[in-house]
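Protein chains in written order, with our numbering: chain E, 176 to 551; chain V, 40 to 447.
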């Protein structure tokens with residue numbers, strides 16, 4: 176038990192200290208790093224080229240450098256990334272894959288090209304008609320194009336075997352994480368909201384193979400433990416991300432346990448596993464085609480609400496918390512639909528508006544207190 | 040169209056457009072809602088009556104009716120930070136009544152994200168709430184200067200997939216001969232639209248640029264029709280005649296400064312924004328609009344059509360944006376640029392500062408940015424707007440003075 180807790184704490188710390196973790200991962204693996212923008216970047220390609228993929232999910236960075244490019248109503252994650260880039264934090268990266276899921280990201284791509292000519296930027300576009308034959312083909316072509324750029328950075332071709340191994344490695348990571356989140360949901364005493372988040376987030380800054388091995392050890396330990404009985408209410412978080420981490424402290428303060436999440440930064444990274452059939456790139460494209468219920472990918476069925484209801488049932492949860500990152504349009508469009516669906520199903524739903532760099536959490540504290548009382 | 044002016048015809052055409060859609064609905068025919076730069080060719084070929092929520096929301100805004108719709112949407116959980124066209128339209132979808140005119144409820148929706156990705160979310164919600172089919176034309180953002188072959192192929196394939204979807208929805212065979220005809224007319228209409236707008240290159244400009252905002256509704260909804268084409272041809276001729284006579288944009292008052300307007304109009308404050316400019320003798324001679332509907336390709340060339348739908352400036356990279364405006368500065372002999380930082384449109388806004396800097400560096404033409412919104416009346420301050428315009432006048436005047444001195 177102690178050994179398991181030790182690994183959990185180690186990953187927790189890794190997730191909370193990105194800079195230090197990335198430095199260590201690079202030193203231990205001897206690999207150079209490539210930054211990967213949210214929401215889904217082709218990490219498998221990066222990994223197969225022998226680079227370390229690093230998730231770029233903003234941070235608490237404040238500043239005024241980005242004001243040169245962005246108005247005040249830009250989401251805090253893209254502002255933070257831009258601040259970090261302009262202040263030189265990303266100079267250690269050998270390349271950055273920029274994606275364009277929303278209008279803000281398209282502009283970030285363009286501004287960065289102008290503002291940061293010394294960085295090796297690899298822009299890419301994910302198809303929205305990702306299930307249609309045209310979209311699947313486009314996705315494969317886009318992966319192939321990015322692969323060629325990575326080959327150039329690497330100074331050599333990526334073999335099909337290397338690529339297959341990388342996709343398999345990511346399958347393994349995703350399967351492991353699915354197992355982990357199931358098991359973690361039985362341990363509200365161990366996995367406070369903040370710790371659960373940090374442990375999952377650590378994957379963004381570590382070599383996936385190393386991380387997955389550690390997770391397997393944690394799983395092994397957790398399997399032997401009896402589920403914990405506490406007085407927590409069980410909630411499901413949905414949104415782009417649930418940061419700043421101080422907000423997660425407020426969940427614990429109000430005895431709210433994250434039984435599962437539908438966050439782009441967390442579970443959506445591993446909720447879909449590539450099918451086994453086809454070439455590595457075909458498998459990757461299929462995975463994107465299968466990724467439903469995510470606001471950043473076209474979904475005329477709007478299946479996110481149904482997914483949330485399923486999660487609630489599966490994880491025996493009491494309520495849903497909609498974590499709205501301020502100025503994130505796609506999520507802002509999803510909320511009214513989710514609200515309606517949850518009202519019809521009589522599922523308690525709380526909407527909280529977050530910014531990565533928010534200083535005052537008083538209002539959110541009050542709202543969480545009130546919500547926790549309703550759930551009692 | 041004997042003896043009628045293009046402006047009269049414009050009003051009639053729009054009335055017929057909306058009345059026709061209402062009638063089609065009553066007769067049980069299919070009605071579509073579509074985004075403003077959609078491949079309407081496919082819908083026109085299928086005989087589907089198509090109306091454009093952006094046009095309608097703009098009309099609601101211009102008639103100062105937007106607030107009630109915005110309040111309704113926000114009351115249903117929509118954030119005040121999202122596009123106000125969407126907030127107006129998603130409320131209209133429920134309310135279905137406005138003093139500014141009505142559009143029928145759709146049976147299908149057609150979304151083309153060459154104007155932004157926001158429309159995908161907006162249209163998804165319509166499809167979900169009304170339980171109707173949605174066709175998405177996914178036009179990849181061009182981060183490279185030119186439209187790549189990869190993007191062109193993807194778009195073209197989607198045209199063919201959409202035709203199959205339309206055949207299923209309508210239970211009709213797609214008529215490729217008719218498509219040829221519609222493609223031809225659509226291109227001609229676009230060409231006349233652009234030619235008319237280009238008349239404003241004359242000094243003084245025969246065109247009062249705010250008319251672009253009025254005529255825009257027609258290029259959106261009548262691009263695939265002969266009457267649309269003929270209207271723009273007539274407008275072109277009228278402007279040509281005015282230019283020949285050396286007539287300026289207004290009956291009274293001289294055109295002292297020529298500027299371009301970047302972004303969408305502030306519909307709820309259209310008259311105010313116009314009057315302030317006119318007061319200082321500023322004529323908005325062009326904007327990014329003329330090129331946005333310059334959707335030109337060879338008949339029967341689906342690759343060309345794919346490229347054309349991917350070519351509008353908001354879907355292009357920043358280098359293109361800078362070249363585009365630089366060219367407008369030269370072609371229209373501009374004295375200044377007004378950038379509308381439109382609270383609704385992140386895609387236009389978040390490149391504006393860098394474009395402004397680069398265009399100014401290249402052309403020396405002064406510019407100002409003001410805060411506003413396309414339909415939310417709350418996000419605009421007339422005082423701020425006028426102060427910025429005054430600043431622009433001072434800068435334009437100083438530049439003229441400097442240039443005159445250099446000549447001497």
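In this text, a Cβ means the ideal position worked out from N, Cα and C, and glycines have one as well.
Find the residues of chain E that neighbour residue 406(V), judging by a C-beta separation of less than 7 angstroms, and give them in chain order. Sequence index remark: in the second chain, residue 406(V) carries index 367 (1-based). Result: empty, since nearest Cβ-Cβ is about 16 angstroms, beyond 7 angstroms.
Taking the DSSP output, what are the residues bridged to residue 230(E)? Locating residue 230(E) in the first chain gives position 55, counting from the first residue. DSSP output for residue 230(E) lists 211(E) as bridge partner(s).
Using a Cβ-Cβ cut-off of 7 angstroms (strictly less than) and excluding sequence neighbours within five positions of residue 342(E), which residues of its own chain qualify? Mapped onto the first chain, residue 342(E) falls at position 167. Excluding residues within five positions, the ones whose Cβ falls inside 7 angstroms are 219, 449, 455, 458 and 459.
Can you grab the Cα-Cα spacing for the pair residue 98(V) / residue 139(V), in whole Å? By 1-based counting over the second chain, the position of residue 98(V) is 59. By 1-based counting over the second chain, the position of residue 139(V) is 100. Distance between the alpha carbons of residue 98(V) and residue 139(V) is about 6 angstroms.
Distance CB(residue 356(V))-CB(residue 183(V)) smaller than 8 angstroms: As a first step, residue 356(V) is located in the second chain; it is residue number 317 there, counting from the start. As a first step, residue 183(V) is located in the second chain; it is residue number 144 there, counting from the start. The answer is yes: Cβ separation under 8 angstroms.
For residue 410(E) and residue 493(E), believed in contact at Cβ under 8 angstroms, the rounded distance: One-based indexing of the first chain puts residue 493(E) at position 318. One-based indexing of the first chain puts residue 410(E) at position 235. Residue 493(E) to residue 410(E), Cβ: 7 angstroms. Contact.
8 angstroms Cβ cut-off: residues of chain E touching residue 136(V): As a working note, residue 136(V) is residue 97 in the second chain. Under the 8 angstroms cutoff, chain E gives no residues; its nearest Cβ is about 21 angstroms from residue 136(V).
Within 8 angstroms (strictly less), CB to CB, does residue 334(V) reach chain E? Here residue 334(V) is taken as the residue at index 295 of the second chain, counted from 1. It does not: the Cβ of residue 334(V) has no partner Cβ on chain E nearer than 8 angstroms.
Identify whether residue 413(V) lies in helix, strand or coil by the three-state DSSP scheme. For the purposes of this step, residue 413(V) is taken as the residue at position 374 of the second chain. Of the three classes helix, strand and coil, the one that applies to residue 413(V) here is coil, per DSSP.
Pick from 43(V), 48(V), 421(V) and 440(V) that is closest to residue 266(V), judged by C-alpha positions: Here residue 266(V) corresponds to residue number 227 of the second chain, with the count starting at 1. Taking only the C-alpha atoms, the option nearest residue 266(V) is 48(V).
Per the contact definition of three or more C-beta pairs closer than 8 angstroms, is the region 276 to 283 of chain V in contact with the region 328 to 338 of chain V? no
Can you name the start and end residues of the beta strand (DSSP E) that residue 380(V) belongs to? Mapped onto the second chain, residue 380(V) falls at position 341. Looking at the DSSP string, the run of the beta strand (DSSP E) that includes residue 380(V) is 375 to 381.
So with CB distances below 7 angstroms, who are the chain E contacts of residue 151(V)? For the purposes of this step, residue 151(V) is taken as residue 112 along the second chain, with counting starting at 1. Going along chain E, no residue has its Cβ under 7 angstroms from residue 151(V), so there is no contact; the nearest lies around 11 angstroms.
For residue 219(V) and residue 365(V), which I take to be in contact (beta-carbon distance under 8 angstroms), what is that distance rounded to the nearest angstrom? Indexing the second chain from 1 puts residue 219(V) at position 180. Indexing the second chain from 1 puts residue 365(V) at position 326. Actually they are not in contact, since the Cβ atoms of residue 219(V) and residue 365(V) sit about 37 angstroms apart, beyond 8 angstroms.
Three-state secondary structure (DSSP) at residue 308(V)? By 1-based counting over the second chain, the position of residue 308(V) is 269. The answer is helix: DSSP assigns residue 308(V) an H, G or I state.
In three-state DSSP terms, what is residue 291(E)? Within the first chain, the letter at position 116 stands for residue 291(E). If DSSP states are grouped into helix, strand and coil, residue 291(E) belongs with coil.
Where does residue 387(E) sit, in a helix, a strand or coil, going by DSSP? Start at 1 with the first residue of the first chain, and residue 387(E) comes out as number 212. Residue state, collapsed to three classes: helix.
Tell me the rounded alpha-carbon separation between residue 435(V) and residue 321(V). Taking the second chain and counting its residues from 1, the one referred to as residue 435(V) is at position 396. Taking the second chain and counting its residues from 1, the one referred to as residue 321(V) is at position 282. Cα to Cα, the separation comes out at about 10 angstroms.
N-terminal and C-terminal residue of the beta strand (DSSP E) that residue 148(V) is part of: In the second chain, residue 148(V) corresponds to position 109, counting from 1. Element bounds for residue 148(V): 147 to 151.
What does residue 565(E) touch in chain V if you count any residue whose Cβ is under 8 angstroms from its own? The structure shown does not extend to residue 565(E), since chain E is modelled only from 176 through 551, so no value can be given for it.
Please tell me whether residue 272(E) has its Cβ less than 8 angstroms away from any Cβ of chain V. As a working note, residue 272(E) is residue 97 in the first chain. Closer than 8 angstroms: no.
Kindly identify the DSSP beta-bridge partner or partners of residue 407(V). As a working mapping, residue 407(V) is identified with position 368 in the second chain. Answer is 377(V), bridged to residue 407(V).
Verify the CB distance criterion: does residue 351(V) have a CB-CB separation below 8 angstroms to chain E? If you number the second chain from 1, residue 351(V) lands on position 312. So no, residue 351(V) is outside the interface.
Does the beta-carbon of residue 83(V), which I'm using as the reference point, lie nearer than 7 angstroms to any heavy atom of the ligand SAM? Within the structure as shown, the ligand SAM is missing, as the structure has no ligands at all.
Looking at chain V, is there any beta carbon in it that lies within less than 8 angstroms of the beta carbon of residue 310(E)? Counting from one through the first chain, the residue named residue 310(E) turns up at place 135. Output row for residue 310(E): interface = yes.
Is the region 402 to 416 of chain V in contact with the region 282 to 296 of chain V, if contact means three or more CB pairs nearer than 8 angstroms? no
Contact belief for residue 550(E) with residue 414(E) at Cβ below 8 angstroms, rounded distance in angstroms: The sequence position of residue 550(E) within the first chain is 375, counting from 1. The sequence position of residue 414(E) within the first chain is 239, counting from 1. Actually they do not touch by this definition, with Cβ atoms about 19 angstroms apart.
Please list, in chain order, the chain V residues whose beta carbon lies closer than 7 angstroms to that of residue 466(E). Taking the first residue of the first chain as position 1, residue 466(E) is located at position 291. None at all; the shortest Cβ gap to chain V is about 15 angstroms.
Beta-carbon separation (whole angstroms), residue 424(E) vs residue 369(E), contact threshold 8 angstroms: Looking up residue 424(E) in the first chain gives position 249. Looking up residue 369(E) in the first chain gives position 194. At roughly 6 angstroms, the Cβ-Cβ gap stays under 8 angstroms, so residue 424(E) and residue 369(E) are in contact.
Counting only the same chain and skipping the five closest in sequence on each side, list residues whose C-beta sits under 7 angstroms from that of residue 355(E). Numbered from 1 along the first chain, position 180 holds the residue referred to as residue 355(E). Within the same chain, residue 355(E) has close Cβ partners 390, 393 and 394.
Here's the rule I'm using: 16 or more other beta-carbon atoms within 10 Å means buried, otherwise exposed. How should residue 299(E) be labelled? For the purposes of this step, residue 299(E) is taken as the residue at position 124 of the first chain. Residue 299(E) should be labelled buried.
Any beta carbon of chain V sitting closer than 8 angstroms to that of residue 475(E)? If you number the first chain from 1, residue 475(E) lands on position 300. Closer than 8 angstroms: yes.
For a contact defined as C-beta to C-beta under 9 angstroms, what are the partners of residue 522(E) on chain V? Start at 1 with the first residue of the first chain, and residue 522(E) comes out as number 347. Those do not exist, as residue 522(E) stays about 15 angstroms from chain V at its closest Cβ, beyond 9 angstroms.
Relative to the C-alpha of residue 170(V), which residue among 540(E), 490(E) and 512(E) is closest? Locating residue 170(V) in the second chain gives position 131, counting from the first residue. For residue 170(V), the nearest C-alpha among the options comes from 512(E).
So residue 304(E) contacts chain V; which residues on that side make the cut at Cβ distance below 7 angstroms? Reading the first chain from its first residue, position 129 is the one you call residue 304(E). 175, 177 and 197, listed in chain order.
6 angstroms CB neighbourhood of residue 344(V) in its chain, flanking five on each side removed: As a first step, residue 344(V) must be located in the second chain, where it is residue number 305. Within the same chain, residue 344(V) has close Cβ partners 336.
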